[in-house]
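Below is one structure; the comments refer to it alone.
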Amino acid sequence: MFTGIVEELGELTAVERLADAALFTVRGPLVASDAARGDSIAVNGVCLTVVSVDTDAGTFVADVMRETLERSTLDGLAAGDGVNLERAAKLGGRIGGHLVQGHVDGVGTVLDRRPAQHWEDVRIALPPDLNRYVVVKGSIAVDGVSLTVTEVDDVSFAVSLIPTTRRATTLGCRPVGGLVNLEVDVIGKHLEKLVGSPERAL
1 MFTGIVEELG
11 ELTAVERLAD
21 AALFTVRGPL
31 VASDAARGDS
41 IAVNGVCLTV
51 VSVDTDAGTF
61 VADVMRETLE
71 RSTLDGLAAG
81 DGVNLERAAK
91 LGGRIGGHLV
101 QGHVDGVGTV
111 LDRRPAQHWE
121 DVRIALPPDL
131 NRYVVVKGSI
141 AVDGVSLTVT
151 EVDDVSFAVS
161 LIPTTRRATT
171 LGCRPVGGLV
181 NLEVDVIGKH
191 LEKLVGSPER
201 AL
């Protein structure tokens with residue numbers, strides 16, 4: 001479980017492609033400093049399991065299975081790309097963002113960026129099957145960053161990025177047309193299952 005508060009802007013240093021998976025080597029001295037085999041680290045919002053750590057180099061290696069590559073933007077990453085990193089939350093710690101599982105629900109496309117004096121409004125295309133989970137003032141994780149939805153329509157939503165988010169995460173340089181991982185609030189999905197979706201009720 002994560003909070004969507006990125007701890008470190010890391011770098012993907014190597015990608016080893018396997019038959020139905022990949023091995024990612026990621027440099028992130030902060031998150032690697034106390035990482036151990038089996039730990040969970042969110043990479044661009046995707047929960048990955050650490051298989052080895054080199055604390056001297058500040059790197060860790062993680063397995064990425066085929067399903068993860070197909071359902072997220074990780075398949076398009078290459079050595080040298082920046083990545084958002086967050087270690088798993090600790091019980092008893094502060095949750096500065098919202099509860100994030102690191103399980104990507106879909107991929108969105110950056111449609112528009114509009115800089116203002118103290119923030120930047122970003123509009124992102126929303127996969128149709130996720131629209132019902134996104135509400136104004138609700139939370140959404142974009143590449144692992146916990147953000148508040150400022151606008152939503154049938155095909156897209158908007159968020160506002162403060163200077164810290166632009167500077168300390170990959171969202172600051174994601175271009176129009178760029179792809180991002182989306183994770184909607186898990187509470188909405190559980191509630192839908194408990195009470196029955198509108199489609200099933202008709």
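Letter 94 of the sequence shown, counting from 1, is numbered 94 in UniProt numbering, and no numbers are missing. Here a beta-carbon is modelled for each residue, glycine too, at the ideal position from N, C-alpha and C.
For residue i and residue j, which I take to be in contact (beta-carbon distance under 8 Å), what is that distance rounded to the nearest angstrom?
i	j	result
residue 104	residue 182	7 Å
residue 97	residue 3	4 Å
residue 11	residue 42	Incorrect: roughly 15 Å between the Cβ atoms, too far for contact.
residue 58	residue 28	7 Å
residue 84	residue 145	6 Å
residue 23	residue 16	4 Å
residue 121	residue 132	In fact, because the Cβ distance is near 23 Å, the residues do not count as touching under 8 Å.
At which residues does the alpha helix (DSSP H) containing residue i begin and terminate?
i	result
residue 174	First-last for residue 174: undefined, no H or E at that position.
residue 30	29-32
residue 168	163-168
Please classify residue i as buried or exposed, where buried requires at least 16 neighbouring CB atoms within 10 angstroms.
i	result
residue 79	exposed
residue 143	buried
residue 32	buried
residue 47	buried
residue 148	exposed
residue 45	buried
residue 185	buried
residue 164	exposed
residue 211	What is shown of the chain runs 1 to 202, which leaves residue 211 out entirely.
What would DSSP say about residue i, mapped onto helix, strand or coil?
i	result
residue 63	strand
residue 190	helix
residue 81	coil
residue 70	helix
residue 3	coil
residue 94	coil
residue 75	helix
residue 180	strand
residue 195	helix
residue 100	strand
residue 111	strand
residue 121	strand
residue 14	strand
residue 202	Note on residue 202: pLDDT 46, under 50, position unreliable in the model; the coordinate value appears next. Coil.
residue 203	The first residue shown for the chain is 1 and the last is 202, placing residue 203 beyond what the model contains.
residue 138	coil
How would you write the range of the beta strand (DSSP E) that residue i sits in, first residue to last?
i	result
residue 53	46-54
residue 132	Per DSSP, residue 132 belongs to no beta strand (DSSP E) and is neither H nor E.
residue 37	Where residue 37 is concerned, there is no enclosing beta strand (DSSP E), given that its DSSP letter is neither H nor E.
residue 155	Per DSSP, residue 155 belongs to no beta strand (DSSP E) and is neither H nor E.
Does the beta-carbon distance from residue i to residue j come in below 7 Å?
i	j	result
residue 141	residue 100	yes
residue 136	residue 159	no
residue 174	residue 134	no
residue 62	residue 53	no
residue 138	residue 125	no
residue 162	residue 119	yes
residue 72	residue 123	no
residue 66	residue 21	yes
residue 26	residue 60	yes
residue 40	residue 89	no
Less than 6 Å separating the Cβ of residue i from some heavy atom of the ligand HEM?
i	result
residue 101	Among the ligands in the structure shown, none appear at all, so the ligand HEM cannot be discussed.
Kindly indicate if chain B contains any beta-carbon less than 7 Å away from that of residue i.
i	result
residue 95	Of the protein chains in this structure there is only one, and it is not chain B.
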